[in-house]
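Q:
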Amino acid sequence: MADQVAGDVMMRGVGDNAPVPEFDNPAWVTPKPLSECTVAIVTSAALHRSSDEGFQPGDTEYRLLPADARDLVLGHWSPNFDRTGIAIDLNVVFPIDRLEELAANGTIGAVAPRHASFAGNQPDDVATIRLDSGPRAAAELKADGVDVVLLTPV
Amino acid sequence: MCTLAHVFEAAGIATVTLVATRSVAERMKPPRGLYGEFPLGRPLGRPSDPEFQHDVLARAFALLDADGPVLEDHPDVIEAEEVPLSCSLPPRFDPDLPPAVDEANGLRKAYDRSLERRGFSSVGRVIDADTVPKVLATLHDIAEGADWKSVELPGKNTTALCHDIRTYYEEAALELADGLAPDGRAAEAWYFEQTEAGRTVLAARAAIKDQGGPHPAWFYMAPGHR
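Line order of the protein sequences matches chains E and V. FYI, the numbering for the first sequence is 369 to 522, going by this note's numbering. FYI, the numbering for the second sequence is 153 to 378, going by this note's numbering.
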């Protein structure tokens, strides 16, 4: 449709005007060399295993995804982005096979045993993921020995 | 995503954020960000293109060498072309059925092939594939003037119902379409511009709005720009 604004342009415009939380004195971690790091993926695509409970609208919790899971369903509630990419290739959102390849060739130290998934469509103040579910997920990955997290947005 | 970057960094884990909306990252300042002007929903850029995905990852992980906050751009831009996917639709089979119901029935074999090949489906938030035609019949009735509050809508959640119907169509379409992976919004354009189901969803959406239905009940039945 030539007479309508492109969907991605519209959605990025929404982001331009969205209020965002402020982080004073943000933390900074200097990592070990990448070849010694255990790497996990944290995504906001609301991925969950097909057999597991899906995400509800406004869901502030997370799901932990075992590194060998490939039956991942996209549970995000917004209709405003492409879903066929991930239907064709999980790695376009959750690059787990690419991480396995990087571990095999020594670029990264190891792939984490578990990865984390949140829903991108959060309440505006993001208070729960900031103060509760986010820190809990981080602690779980930390306990798994994760040094570096790659965040992938949807 | 930027919030989680700060949260994980505060927990002692170094983070690299793939950024989908640059203006948000500029304001939220995740420790290390790589902006990719790629179709939304495809943060690694291209499905089934390991070389491109590795390029994105290499540029992202290179930011771990930075001494302080950094936001860089991936040099490639990939637009989500909204040119409808080239995908044939089943011919009219039962003229007594609403067109979308007939069409959905005709796509069932393609959907089943997808399910068999992948082993799972993203259809199922509130209805399964068996129920897709029935809900399309109900949306057809709403579009024709039925009171949306009086008809039976499984789960009473139009967003979830429309997700399941659209996903049923998109999973079937990926079995039917020829060639390379479709552009970012090609399947969406096909669904809303060329299928009877897409037209029915848009018509029902307009009808619910006209009947005074609350914004969340109709708005999220389709992408905002449609």
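Just so you know, even glycine gets a beta-carbon here, dropped at the ideal spot from N, CA and C.
Applying the 10 Å Cβ sphere with the 16-neighbour rule, what's the burial state of residue 385 of chain E?
A: Position 17 of the first sequence, counted from the start, is the residue given in the question as residue 385 of chain E. Counting Cβ neighbours within 10 Å, residue 385 of chain E comes out exposed, since fewer than 16 surround it.
Q: Could you list the residues in the region 497 to 510 of chain E with a C-beta less than 7 Å from some C-beta on chain V, going in chain order?
A: From the region 497 to 510 of chain E, only 497, 498, 502, 503, 506, 507, 509 and 510 have a Cβ closer than 7 Å to chain V.
Q: Using a Cβ cut-off of 8 Å (strictly closer), state whether residue 256 of chain V contacts chain E.
A: Along the second sequence, read from residue 1 onward, the residue named residue 256 of chain V stands at position 104. No, because no Cβ of chain E sits closer than 8 Å to the Cβ of residue 256 of chain V.
Q: Since residue 483 of chain E sits in a beta bridge, which residues does DSSP pair it with?
A: Here residue 483 of chain E is taken as the residue at index 115 of the first sequence, counted from 1. Per DSSP, E:433.
Q: Please look up how many angstroms separate the CB atoms of residue 449 of chain E and residue 193 of chain V, rounded, as I've assumed it's under 8 Å.
A: Counted from its first residue, the first sequence places residue 449 of chain E at position 81. Counted from its first residue, the second sequence places residue 193 of chain V at position 41. Yes, they are in contact, since the Cβ atoms of residue 449 of chain E and residue 193 of chain V sit about 4 Å apart, within 8 Å.
Q: Mind checking the region 452 to 466 of chain E against chain V and listing, in chain order, the residues whose C-beta falls within less than 8 Å of any C-beta there?
A: Here the close residues are 452, 453, 454, 455, 456, 457, 459, 460, 461, 463, 465 and 466.
Q: Spatial neighbours of residue 490 of chain E within its chain, please: C-beta separation below 7 Å, excluding the five flanking residues on both sides.
A: For this step, residue 490 of chain E is matched to residue 122 along the first sequence. Closer than 7 Å at Cβ, skipping near neighbours: 428 and 497.
Q: So which residues on chain E does residue 313 of chain V lean against when the C-beta distance must stay under 7 Å?
A: For the purposes of this step, residue 313 of chain V is identified with residue 161 of the second sequence, where counting begins at 1. None at all; the shortest Cβ gap to chain E is about 12 Å.
Q: Whole angstroms is fine: what's the gap from residue 505 of chain E's alpha carbon to residue 160 of chain V's?
A: As a working mapping, residue 505 of chain E is identified with position 137 in the first sequence. As a working mapping, residue 160 of chain V is identified with position 8 in the second sequence. Answer to the nearest angstrom: the Cα atoms are 8 Å apart.
Q: Residue 198 of chain V touches chain E at which residues, Cβ-Cβ below 9 Å?
A: Stepping through the second sequence from its first residue, residue 198 of chain V is reached at position 46. Chain E residues near residue 198 of chain V: 453, 457 and 460.
Q: Please name the residues in the region 395 to 407 of chain E whose beta-carbon is closer than 7 Å to at least one beta-carbon of chain V, in chain order.
A: Answer set for the region 395 to 407 of chain E: 395, 396, 397, 399 and 402.
Q: In whole angstroms, what separates the C-alpha of residue 310 of chain V from that of residue 444 of chain E?
A: As a working note, residue 310 of chain V is residue 158 in the second sequence. As a working note, residue 444 of chain E is residue 76 in the first sequence. Between residue 310 of chain V and residue 444 of chain E, the C-alpha separation is close to 15 Å.
Q: Across which residues does DSSP place residue 171 of chain V in a beta bridge pair?
A: Residue mapping note: residue 171 of chain V aligns to position 19 of the second sequence, counting from 1. The partner list for residue 171 of chain V (beta bridge, DSSP) reads V:187.
Q: Among residues of its own chain, excluding the 5 on either side of residue 274 of chain V, which ones have a beta-carbon nearer than 6 Å to its beta-carbon?
A: For the purposes of this step, residue 274 of chain V is taken as residue 122 along the second sequence, with counting starting at 1. Cβ within range, chain order: 319.
Q: What does the alpha-carbon distance come out to for the pair residue 471 of chain E and residue 290 of chain V?
A: Indexing the first sequence from 1 puts residue 471 of chain E at position 103. Indexing the second sequence from 1 puts residue 290 of chain V at position 138. Going from the Cα of residue 471 of chain E to the Cα of residue 290 of chain V covers about 51 Å.
Q: So which residues on chain E does residue 173 of chain V lean against when the C-beta distance must stay under 7 Å?
A: Mapped onto the second sequence, residue 173 of chain V falls at position 21. Here the neighbours are 380 and 383.
Q: With a threshold of 6 Å on Cβ separation, who are the neighbours of residue 370 of chain E within its own chain once the five nearest residues in sequence on each side are excluded?
A: Position 2 of the first sequence, counted from the first residue, corresponds to residue 370 of chain E. Note that residue 370 of chain E scores 48 on pLDDT, short of 50, meaning its location in the model is unreliable and no value can be drawn from it.
Q: Once DSSP output is grouped into helix, strand and coil, what is the label at residue 198 of chain V?
A: On the second sequence, residue 198 of chain V is found 46 positions in, with the first residue counted as 1. Here residue 198 of chain V sits in coil by DSSP.
Q: Which one or two residues does DSSP pair with residue 411 of chain E in a beta bridge?
A: Along the first sequence, one-based indexing puts residue 411 of chain E at 43. Partner(s): E:485 and E:520.
Q: Would you say residue 372 of chain V reaches chain E, if we count a Cβ-Cβ gap shorter than 8 Å as a contact?
A: The sequence position of residue 372 of chain V within the second sequence is 220, counting from 1. By this cut-off, residue 372 of chain V is an interface position.
Q: What does residue 274 of chain V reach in chain E if we use C-beta pairs closer than 9 Å?
A: If you number the second sequence from 1, residue 274 of chain V lands on position 122. Simply 418, 441, 442, 443, 451, 454 and 455.
Q: Could you give the first and the last residue of the continuous beta strand (DSSP E) run that contains residue 226 of chain V?
A: Reading the second sequence from its first residue, position 74 is the one you call residue 226 of chain V. Run containing residue 226 of chain V: 222 to 229, per the beta strand (DSSP E) assignment.
Q: What residue from V:265, V:285, V:234 and V:331 has the CA that sits closest to residue 256 of chain V's CA?
A: By 1-based counting over the second sequence, the position of residue 256 of chain V is 104. Among V:265, V:285, V:234 and V:331, the Cα nearest to that of residue 256 of chain V belongs to V:285.
Q: Looking only at C-alpha atoms, which of E:514, E:475 and E:494 sits nearest to residue 206 of chain V?
A: Working through the second sequence from its first residue, we reach residue 206 of chain V at position 54. Considering only alpha carbons, the answer is E:475.
Q: Are the CB atoms of residue 411 of chain E and residue 485 of chain E nearer to each other than 8 Å?
A: Residue numbering aside, residue 411 of chain E sits at position 43 when the first sequence is read from its first letter. Residue numbering aside, residue 485 of chain E sits at position 117 when the first sequence is read from its first letter. The answer is yes: Cβ separation under 8 Å.
Q: Looking at residue 191 of chain V: is its Cβ nearer than 8 Å to the Cβ of residue 350 of chain V?
A: Here residue 191 of chain V refers to the residue found at position 39 when the second sequence is read from its first residue. Here residue 350 of chain V refers to the residue found at position 198 when the second sequence is read from its first residue. Against a cut-off of 8 Å, the Cβ pair of residue 350 of chain V and residue 191 of chain V comes out as no contact.
Q: Could you name the residues of the same chain whose beta carbon sits closer than 6 Å to that of residue 423 of chain E, not counting the 5 residues immediately before and after it, in chain order?
A: Along the first sequence, one-based indexing puts residue 423 of chain E at 55. 414, 443 and 487, listed in sequence order.
Q: Can you list, in chain order, the residues of the region 225 to 250 of chain V whose Cβ is nearer than 7 Å to any Cβ on chain E?
A: Within the region 225 to 250 of chain V, the qualifying residues are 232 and 234.
Q: Give a yes or no on whether 8 Å exceeds the smallest Cβ distance from residue 563 of chain E to chain V.
A: Any answer about residue 563 of chain E is impossible in this case: the structure gives chain E only from 369 up to 522.
Q: To which residues does DSSP link residue 416 of chain E through a beta bridge?
A: To locate residue 416 of chain E, count along the first sequence from 1; it is residue 48. Paired residues: E:441.
Q: Taking only beta-carbon atoms, is residue 388 of chain E less than 8 Å away from chain V?
A: Sequence index remark: in the first sequence, residue 388 of chain E carries index 20 (1-based). Yes, its Cβ sits closer than 8 Å to a Cβ of chain V.
Q: Anything in chain V within Cβ reach of residue 517 of chain E, meaning under 7 Å, just list it in chain order.
A: Against the first sequence, residue 517 of chain E aligns to sequence position 149. Those are 160, 165 and 167, listed as they occur along chain V.
Q: Using the beta-carbon of each residue, which ones in chain E are nearer than 7 Å to residue 212 of chain V?
A: Mapped onto the second sequence, residue 212 of chain V falls at position 60. The contacting residues are 518.
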